[in-house]
Structures are given as structure tokens and as C-alpha cells.
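A short worksheet on the structure shown next.
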């Protein structure tokens with residue numbers, strides 16, 4: 069069962085930016101701290117088409133999380149899971165691929181664009197971002213083989229002359245698995261995919277073109293619903309000073325939240 073709220077560890081400086089801009093940053097999958105993210109049998113560049121915002125369901129704060137993500141001097145913020153759902157309905161969408169997985173799809177308040185290496189003679193369909201998928205719980209696996217399993221698949225295609233095999237790539241599965249070493253994080257993720265649904269199950273010809281013309285966008289700052297800040301819960305890290313606490317309390321008290 070998906071929890072009603074999730075938690076995010078970050079620095080004091082980043083928290084202020086989050087509250088000022090009413091956005092959370094989605095980082096490109098290849099820029100995450102786990103170097104095995106998006107490991108697959110086809111190309112390491114596929115994961116450039118996926119953007120991630122990482123959270124945890126663990127309500128009890130943990131020293132390893134404080135150390136890894138804030139160096140003991142940051143904060144942990146609590147937010148409702150529907151923070152990106154600007155429409156009342158949050159759709160449940162079944163993923164493609166051999167490994168069944170379900171994601172909640174929420175329509176964003178505006179569109180976002182992913183920029184690629186300039187291509188005057190090549191057109192990509194639907195480069196605008198309209199949806200965020202999640203939160204979905206990370207699947208923790210025990211081997212590198214399990215990380216790659218089901219992400220790509222060779223399928224037989226009926227060609228004009230004779231049947232041939234072409235690899236399909238299930239982008240919706242990328243950013244969904246990590247080795248069990250990371251299980252202590254109890255991680256949930258929101259994900260954004262290049263081209264929204266149109267690229268969820270792409271063949272190697274399409275993906276090959278995307279790899280040839282790499283993604284330039286390194287992150288997307290995605291707007292969340294301002295009403296999510298009502299009843300805001302912020303937990304301070306073990307090494308946050310009294311001065312920093314007072315400054316943060318003043319900053320938060322001066323926030324303007326629309327009713």
C-alpha cells in the first residue's frame with residue numbers, strides 16, 4: 069500500500085529554494101548517486117531520458133540518511149503523495165514489459181521541455197513533459213542480472229521480405245530497481261519520461277536515434293501544489309545549529325501560502 073506522505077532529505081539552502089519556488093528538482097537518472105542506475109543490455113545512454121525525484125516512506129529518521137544526503141546539517145521535509153497532482157484524478161497506469169508494475173500518473177500544472185543536442189533535420193515526437201509518474205516503490209534486487217532483466221527484449225518482427233528480430237526497450241522500467249544494498253532507504257520515486265507515454269516501449273531504432281542525439285537537460289524543476297505546504301513538517305538534522313534553526317523558523321514564518 070502506498071503511504072499518504074513521504075519524506076525527503078536535503079540541505080537548508082535547498083529547502084529555501086524549494087519553498088521559494090514551490091518546486092522539487094528531478095535529476096536525470098545518470099546523475100544519481102548509484103552508478104548502477106539504469107543498467108541494461110543495450111546502452112547506458114537510455115537512462116538519460118528518465119528524470120527522478122527520490123523520497124522515503126520511513127517516518128523514523130535514520131543516521132545514514134542524514135549523513136548521506138545532508139552531512140548531518142540539513143533537514144527532512146514531509147509532503148503528501150499527491151503533491152504533483154493538479155487534477156483531482158490520479159490515474160493508475162500499468163507499465164509495459166515483462167515485469168508488471170503500476171504507476172500513478174498525475175497531470176502537471178504546466179508543460180516542461182527536455183532539450184537534446186540540436187538536430188535541424190530530425191524531429192522527435194512530443195518532447196514536452198505533461199505527466200509525472202509515481203510515487204512508486206523501488207524494487208530491491210540481489211544481482212546485476214536482476215537489475216537488467218526485462219528492461220529490453222528481442223522480439224520477432226514481420227518484415228516485408230522476411231521476419232527479423234528487433235529489440236524493444238521499456239523505458240518505464242528504468243529507475244525502478246536498485247540493489248538490495250540500498251534497501252535501508254525504503255525509497256519511493258516520482259519519475260518523468262521523455263515524450264510522456266509515447267516512448268514507454270520503444271524499439272532499438274528509435275532509441276538509437278535518441279542515443280545519437282543526447283539529452284542536454286540535466287534536471288527539471290517541477291512545480292508542486294502550494295496547498296501541500298499547509299501543515300508543513302520539517303525535521304532538523306543532528307548538527308543544525310541554534311542560529312540556523314532560528315533563521316529557518318523566521319524564513320518559514322514569512323512564507324506566503326494561498327488559501
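In my numbering, the protein residues as written are 69 to 327. Where is the CB? At the ideal position from N, CA and C, for every residue including glycine.
Discussion item. With H, G and I counted as helix, E and B as strand and the rest as coil, what does DSSP make of residue 353?
Written reply: This structure cannot speak to residue 353, because the chain is shown only from 69 to 327.
Fill in: Nearest to residue 235 (by Cα), restricted to the options 263, 202 and 220
Translated into the one-based positions of the chain shown, residue 235 becomes position 167. If we check each option's Cα against that of residue 235, 220 comes out closest.
Discussion item. Given the structure, does residue 263 come close to the ligand GTP, in the sense that its CB is under 6 Å from one of the ligand's heavy atoms?
Written reply: Looking at this structure, you won't find the ligand GTP or any other ligand, since it has none at all.
Worksheet item: By a C-beta neighbour count over all protein chains shown, 10 Å radius and 16 as the cutoff for buried, is residue 328 buried or exposed?
Response: Outside the shown range of the chain (69 to 327) lies residue 328, about which nothing can therefore be said.
Discussion item. Taking 7 Å as the threshold (C-beta atoms), are residue 78 and residue 289 in contact?
Written reply: Sequence index remark: in the chain shown, residue 289 carries index 221 (1-based). Sequence index remark: in the chain shown, residue 78 carries index 10 (1-based). No, these two residues do not count as a Cβ contact at 7 Å.
Practice prompt. Determine the direct distance from the alpha carbon of residue 230 to that of residue 69, and round the result to whole angstroms.
Written response: Start at 1 with the first residue of the chain shown, and residue 69 comes out as number 1. Start at 1 with the first residue of the chain shown, and residue 230 comes out as number 162. If you take the alpha carbons of residue 69 and residue 230, they lie about 47 Å apart.
Worksheet item: What residues in its chain sit with their C-beta under 8 Å from that of residue 280, if we drop five residues either side in the sequence?
Response: By 1-based counting over the chain shown, the position of residue 280 is 212. Around residue 280: no qualifying Cβ.
Worksheet item: Can you check whether the CB of residue 125 is closer than 7 Å to the CB of residue 74?
Response: Taking the chain shown and counting its residues from 1, the one referred to as residue 74 is at position 6. Taking the chain shown and counting its residues from 1, the one referred to as residue 125 is at position 57. Their beta carbons are under 7 Å apart, which means residue 74 touches residue 125 by this criterion.
Worksheet item: For residue 102, does the count of other Cβ atoms within 10 angstroms reach 16, so buried, or fall short, so exposed?
Response: Here residue 102 refers to the residue found at position 34 when the chain shown is read from its first residue. Label assigned to residue 102: exposed.
Item to complete: Could you spell out the range, first to last residue, of the beta strand (DSSP E) harbouring residue 223?
Response: For this step, residue 223 is matched to residue 155 along the chain shown. Looking at the DSSP string, the run of the beta strand (DSSP E) that includes residue 223 is 220-225.
Worksheet entry | Reduced DSSP secondary structure (H/G/I, E/B, other) of residue 81 | On the chain shown, residue 81 is found 13 positions in, with the first residue counted as 1. Helix, per DSSP.
Discussion item. Within the continuous alpha helix (DSSP H) that includes residue 239, where are the two ends?
Written reply: Start at 1 with the first residue of the chain shown, and residue 239 comes out as number 171. That residue, residue 239, is in no alpha helix (DSSP H); it is neither H nor E in DSSP.
Discussion item. Rounded to the nearest angstrom, what separates residue 301 and residue 272 at their Cα positions?
Written reply: Numbered from 1 along the chain shown, position 233 holds the residue referred to as residue 301. Numbered from 1 along the chain shown, position 204 holds the residue referred to as residue 272. When rounded, the distance between both Cα atoms is 45 Å.
Worksheet entry | Expected contact under 8 Å - CB spacing of residue 120 and residue 259 to nearest Å | Taking the first residue of the chain shown as 1, we reach residue 120 at position 52. Taking the first residue of the chain shown as 1, we reach residue 259 at position 191. 6 Å between Cβ atoms; contact.
Discussion item. Measuring straight from C-alpha to C-alpha, what distance separates residue 322 and residue 210?
Written reply: The residue given as residue 322 occupies position 254 in the chain shown. The residue given as residue 210 occupies position 142 in the chain shown. Cα to Cα, residue 322 sits roughly 47 Å from residue 210.
Item to complete: State whether the segment 237-251 contacts the segment 95-112, with contact taken as three or more CB pairs (one from each stretch) at a distance under 8 Å.
Response: yes
Item to complete: Please look up how many angstroms separate the CB atoms of residue 257 and residue 122, rounded, as I've assumed it's under 8 Å.
Response: Start at 1 with the first residue of the chain shown, and residue 257 comes out as number 189. Start at 1 with the first residue of the chain shown, and residue 122 comes out as number 54. So it is a contact: roughly 6 Å between Cβ atoms.
Worksheet item: Which residues in the same chain have their Cβ closer than 6 Å to the Cβ of residue 165, if we skip the five residues on either side of it in sequence?
Response: The residue labelled residue 165 in the question sits at position 97 within the chain shown. Legend: pLDDT at residue 165 = 46, less than 50; position of this residue unreliable, no value from coordinates given.
Fill in: residue 178 classed as buried or exposed, judged by whether at least 16 other C-beta atoms fall within 10 angstroms
The count along the chain shown starts at 1 and reaches residue 178 at position 110. Exposed.
Item to complete: Give the range of the alpha helix (DSSP H) segment to which residue 123 is assigned.
Response: By 1-based counting over the chain shown, the position of residue 123 is 55. No alpha helix (DSSP H) holds residue 123; the beta strand (DSSP E) holding it covers 118-124.
Fill in: Minimum C-alpha distance to residue 306 - residue among 143, 197 and 275
On the chain shown, position 238 is the one that residue 306 refers to. Of the listed residues, the one whose Cα sits closest to residue 306 is 143.
Fill in: Neighbour-count burial assignment, residue 86, 16 or more Cβ in a 10 Å radius
Start at 1 with the first residue of the chain shown, and residue 86 comes out as number 18. Note on residue 86: 16 or more other CB atoms within 10 angstroms of its CB, so buried under the neighbour-count rule.
Item to complete: Kindly indicate which residue of 293, 303, 262 and 295 has the alpha-carbon position closest to the one of residue 196.
Response: To locate residue 196, count along the chain shown from 1; it is residue 128. Ranking the options by Cα distance to residue 196, first place goes to 262.
Worksheet item: Where does residue 105 sit, in a helix, a strand or coil, going by DSSP?
Response: Within the chain shown, the letter at position 37 stands for residue 105. In the structure shown, residue 105 sits in coil (DSSP, three-state: anything other than H, G, I, E or B).
Discussion item. Restricting to Cα atoms, I'd like to know which of 294, 314, 312 and 137 is closest to residue 89.
Written reply: By 1-based counting over the chain shown, the position of residue 89 is 21. Closest by alpha carbon: 294.
Worksheet item: Looking only at C-alpha atoms, which of 278, 277, 284 and 137 sits nearest to residue 81?
Response: Here residue 81 is taken as the residue at index 13 of the chain shown, counted from 1. Of the candidates 278, 277, 284 and 137, the one whose C-alpha sits nearest the C-alpha of residue 81 is 137.
Practice prompt. Return the residue from the list 308, 304, 99 and 318 that minimises the CA-CA distance to residue 145.
Written response: Taking the first residue of the chain shown as position 1, residue 145 is located at position 77. That would be 304, whose Cα lies nearest to the Cα of residue 145.
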